[in-house]
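J.:
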Amino acid sequence: MSHRDLAVVQGLDHTRATLRRWNRAPGRVVGLWALGSLAVSAALLYLVWAVSHRVTPDTRELLLPGINEPAGLTAVAQVLARNSLVLALHAFACVAGFIAGSELPAQVDRHRGVWCRVHTLAGPLAIVFVAGATLFSLGTQAFVLGSDAATLAALIEVYVWPSLLWEASPVG
Numbered sequence: 042m043s044h045r046d047l048a049v050v051q052g053l054d055h056t057r058a059t060l061r062r063w064n065r066a067p068g069r070v071v072g073l074w075a076l077g078s079l080a081v082s083a084a085l086l087y088l089v090w091a092v093s094h095r096v097t098p099d100t101r102e103l104l105l106p107g108i109n110e111p112a113g114l115t116a117v118a119q120v121l122a123r124n125s126l127v128l129a130l131h132a133f134a135c136v137a138g139f140i141a142g143s144e145l146p147a148q149v150d151r152h153r154g155v156w157c158r159v160h161t162l163a164g165p166l167a168i169v170f171v172a173g174a175t176l177f178s179l180g181t182q183a184f185v186l187g188s189d190a191a192t193l194a195a196l197i198e199v200y201v202w203p204s205l206l207w208e209a210s211p212v213g
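The working numbering applies: residue 42 is where the sequence shown begins, and numbers increase by one.
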């Protein structure tokens with residue numbers, strides 16, 4: 042295998058082109074990224090809110106740092122550990138998608154028949170895989186956060202509303 046066959050080397054031209062676009066119009070690149078991030082954040086918050094209104098709050102005792110147990114560095118470490126795990130799993134999915142999307146199509150000419158077709162479809166299927174993994178991750182997070190918001194709202198007797206936790210009097 043030549044060093045020119047490596048996915049990293051093959052991606053250098055694309056990376057350079059991307060950096061040239063960034064240098065020509067950094068505001069446009071950051072603006073598009075910010076709009077996309079805002080849209081995903083708004084969608085995730087809406088899903089958390091929607092889930093919190095549709096699930097039954099958990100009636101078991103829930104230990105919530107800062108509410109009914111002390112909040113300390115251990116609680117912060119637990120949150121960071123869980124979030125790091127989610128990010129690591131997503132990073133692995135993206136790397137696997139990148140490898141499948143860049144390396145397998147580059148080898149089409151080495152195969153015939155069914156394997157040629159598999160290598161041809163690998164790029165689009167890798168993108169579908171990464172998109173599916175991302176949607177699964179966001180959906181799971183929305184469900185967990187929404188369920189926790191409903192439980193917390195029931196525990197401390199507040200309504201779950203756009204701010205997620207807004208103290209109010211219960212409506213009879």
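All C-beta atoms, glycine included, are put in the ideal place defined by N, C-alpha and C. Since this is a predicted model, take the numbers as computed values, not measurements.
#1: Spatial neighbours of Ala58 within its chain, please: CB distance less than 6 Å, with the 5 preceding and 5 following residues excluded, ordered by chain position.
#2: So, is the C-beta of Leu196 closer than 9 Å to a C-beta in chain B?
#3: From the DSSP secondary-structure annotation, give me the bridge partner or partners of Pro106.
#4: Using beta-carbon positions only, say whether Ala191 and Val120 come within less than 9 Å of one another.
#5: Where does Leu206 sit, in a helix, a strand or coil, going by DSSP?
#6: Round the Cβ separation of Ala174 and Ala134 to the nearest angstrom and send it over; I've been treating them as touching at under 8 Å.
#7: Would you mind reading off the limits of the alpha helix (DSSP H) that contains Val149?
#8: Between Val171, Ser143, Phe177, which lies nearest to Thr27 when the distance is taken from Cα to Cα?
#9: Could you tell me the alpha carbon to alpha carbon distance between Trp63 and Asp54, rounded to whole angstroms?
#10: Would you mind stating whether Ile140 and Ile197 have Cβ atoms separated by less than 9 Å?
#11: Taking the alpha helix (DSSP H) that Asp54 belongs to, which residues open and close that run?
#12: Whole angstroms are fine: how far does the CA of Val81 sit from the CA of Ala118?
#13: My guess is that Gln182 and Leu85 are in contact by the Cβ rule of under 8 Å, so how many angstroms apart are they, rounded?
#14: Express the C-alpha separation of Leu130 and Asn124 in angstroms, rounding to a whole number.
#15: Buried or exposed: which applies to Ala167, given that a residue is buried once 16 or more other Cβ atoms fall within 10 Å of its Cβ?
#16: Among Val199, Ser188, Ala194, Leu193, which has the Cα closest to the Cα of Val89?
#17: Who are the near neighbours of Asp150 in its chain, counting only those whose CB is closer than 8 Å to its CB and skipping five residues on each side?
T.: Taking the coordinates as given:
#1: none
#2: The question asks about chain B, but that chain is absent: this structure has only one protein chain.
#3: Glu110
#4: no
#5: The pLDDT assigned to Leu206 is 46, lower than 50, so where the model puts this residue is not dependable, and the model offers no usable value.
#6: 4 Å
#7: Segment: none, Val149 is in no alpha helix (DSSP H) and carries neither H nor E.
#8: Absent from the model: residue 27. The displayed extent of the chain is 42 to 213, so no value can be given.
#9: 14 Å
#10: Annotated as distal: Ile140 and Ile197, with beta-carbon spacing of 9 Å or more.
#11: 53-65
#12: Across the structure, Ala118 and Val81 are spaced so that their CA atoms are roughly 26 Å apart.
#13: 7 Å
#14: 10 Å
#15: buried
#16: For Val89, the closest of Val199, Ser188, Ala194, Leu193 by C-alpha to C-alpha distance is Ser188.
#17: none
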